[in-house]
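Numbering follows numbering that gives the first Met the number 0, in which position 23 of the sequence shown is assigned residue number 22; successive positions increment by one, without gaps.
Each residue gets a CB set at the ideal place from its N, CA and C atoms; glycine is no exception.
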Amino acid sequence: MTPPDSMWAMVFEKVGHPLVYKQVPVPEPTKSQVLIKVIACGVCRTDLHIVDGELDHPKLPLIPGHEIIGKVVKLGSEVKSIRLNDIVGVPWLGYTCGHCKFCKQGKENLCDNALFTGYTIDGGYAEYTVADARYCFLMDSAHSKAGSAPLLCAGLIGFRSYHMIDAAANNIGLYGFGVAAHIIIQIAIAQGKKIFAFTRDGDTKTQQVAMKMGAHWAGGSSEVPAEKLDAAIIFASAGELIPKALTDVDKGGAVICGGIHMSEIPAFSYDLLWGERSVKSVANLTRQDGLAFFDIIKNISINTQTAFFKLSQANEAINKFRNGEIAGAAVLLVDTD
Ligand SMILES: [Zn+2]
Ligand SMILES: [Zn+2]
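This is the structure in C-alpha cells:
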C-alpha cells in the first residue's frame with residue numbers, strides 16, 4: 000500500500016500551549032531510514048518536560064513521542080537490517096555520530112551529536128514517522144502490540160538505571176512508583192531482589208499496588224524502612240529525594256537518578272556521601288542496552304498496565320498523566336485497525 004501524502008499529527012508549536020491536532024505531510028525516509036505506520040506511542044514524563052519548556056532547544060514545531068511501536072511500510076535505499084511489514088520499536092536515542100570521543104568509547108548514550116526522538120527529531124504522536132533503521136528495535140510477536148509501547152523508554156531507561164547497580168545489591172529502593180518502576184520491579188523480583196517502594200507520602204493506593212506486585216516494603220518517601228538499602232533508583236523528578244535516598248542506603252550504596260530532569264537538590268552534609276556512597280545520573284540509552292533488555296524480557300513476562308487514548312486526545316493524556324490520574328502508562332493508540 001502506498002502511504003498517503005498527508006497525515007494527522009499532534010504538533011508542539013509553543014511552550015505553554017496545548018499540542019495542535021493538524022494535518023502535516025507524511026515524511027519521506029532518507030537512505031538510512033524507514034517509514035513507519037505508527038501503531039501506538041506512549042506518553043513519557045520527558046514529553047511533559049519538553050512541552051513545559053524544561054528541556055532546552057527542542058526542534059520546533061515538533062511531533063513529540065519516543066515510545067513508538069509501528070509497522071515498517073517503506074525502506075530507505077540502504078536499509079538492510081529491517082524488512083517491509085516488520086514491527087519495530089523506536090526509542091529515545093534516534094541517531095549518534097559514531098566519531099565523537101564518546102561514540103568511540105562505546106558510550107553512544109553520551110554522543111555529542113546525538114539526536115533524540117520526539118525532541119530534536121520528530122516522534123510518534125502521528126500516523127506515520129520516519130526513524131533511522133540502525134536505532135530501531137525489531138519487536139518479537141510477544142511485544143508487537145500497543146501495550147508494549149512503554150517498554151521503549153520507561154522500560155529501557157529503567158533497565159539502564161537498574162543495570163548501573165552493583166549486581167550483588169540485594170535491597171533495592173525504587174523512589175517514584177510509576178511506569179518505569181512497574182517494569183523494573185518485575186525484572187528485579189524475577190532475579191531474587193528485595194524491593195522497597197517509595198511513593199509520595201500518603202499515597203497508600205500506589206503503595207498497595209507495589210505490595211501486590213511483590214515489593215518487600217512500601218511507604219512514603221519520608222519514611223525510613225527497617226533495613227538499609229544496597230542501592231536506590233530515583234525515578235521521580237524531586238531533587239530532595241537524593242539526600243533522602245543517601246540516608247537510606249548503606250555504606251558503598253549507589254543512588255541512581257533515572258530521570259532527565261530534576262528539581263533543585265537541597266544542600267546536604269558530606270556525612271551522607273561518606274562511606275563510598277555515590278550519586279549518579281542516567282543519560283539516554285545505548286543500542287546495547289536495548290538488545291540486553293529485550294533479551295531479558297524474552298524470559299520474564301512483563302505486564303504493563305496501560306490507559307489508551309486516541310491520537311487526538313494527546314493533550315488529555317498528558318494532563319491526566321501530569322495530575323497522577325492514570326494508574327500505569329498513558330498510550331496513544333494511533334492505528335486502530
Ligand atoms: Zn558521537
Ligand atoms: Zn521517555
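Any idea what DSSP makes of K13, helix, strand or coil?
-> coil
>> Considering Cα atoms alone, identify which of E222, N170, K243 is closest to A214.
In response: N170
Task: Three-state secondary structure (DSSP) of M6 - done: Three-state result, M6: strand.
query = Comparing alpha-carbon positions, which option in Q22, I62, G97, G64 lies nearest P3?
reply = Q22
- Item | Neighbour-count burial assignment, E324, 16 or more Cβ in a 10 Å radius | exposed
Quiz item: With DSSP run on the structure shown, which of helix, strand or coil describes F136?
Solution: DSSP, reduced to helix, strand and coil, places F136 within a strand of the structure shown.
**Item:** Cβ-based neighbour list, R321, same chain, cut-off 8 angstroms, excluding 5 preceding and 5 following
**Value:** L47
Inset, instruction - Please name the residue or residues paired with S280 in a DSSP beta bridge. - result: Among the bridge pairs identified by DSSP, S280 is matched with C256.
Check your understanding: Do you know whose CA, among G15, L74, G191, lies nearest N318's CA?
Key -> G15
Have a look at the DSSP bridge pairing and note the partners of A125.
-> In the DSSP output, where bridge partners are listed per residue, A125 has A8.
Practice task
Could you tell me whether any non-hydrogen atom of ligand 1 is closer than 7 angstroms to the CB of F101?
Solution key: yes
- Quick one: is the Cβ of D131 within less than 7 angstroms of any heavy atom of ligand 1? no
* **From W273, I233, P265, residue whose alpha carbon lies closest to that of G249** => Note that residue 249 is Asp in the sequence shown here, rather than Gly. Checking every option, the nearest Cα to that of D249 belongs to W273.
- Touch check for the stretch 111-123 and the stretch 263-281: three-plus C-beta pairs under 8 angstroms? no
TODO: For H65, verify whether its CB is less than 7 angstroms away from any heavy atom of ligand 2.
DONE: yes
Beta carbon of I232 nearer than 8 angstroms to that of I255:
Contact annotation: I232 and I255 have beta-carbon atoms nearer than 8 angstroms.
For this session: Give every residue of the same chain whose Cβ lies closer than 7 angstroms to the Cβ of V78, excluding the five residues on either side of it in the sequence, and list them in chain order.
Result: So the qualifying residues of the chain are S31, V33, A132.
Residues bridged to I171 [DSSP beta-bridge criterion]: I194, A230
*asked:* Whole angstroms are fine: how far does the CA of I86 sit from the CA of V71?
replied: 6 angstroms
| What is the DSSP secondary structure of L155, counted as helix, strand or coil? | helix
ask   = If you count every other CB in all the chains shown that lies within 10 Å of the CB of V339, and 16 or more means buried, which is it?
value = The structure shown does not extend to residue 339, since the chain spans only 0 to 336, so no value can be given for it.
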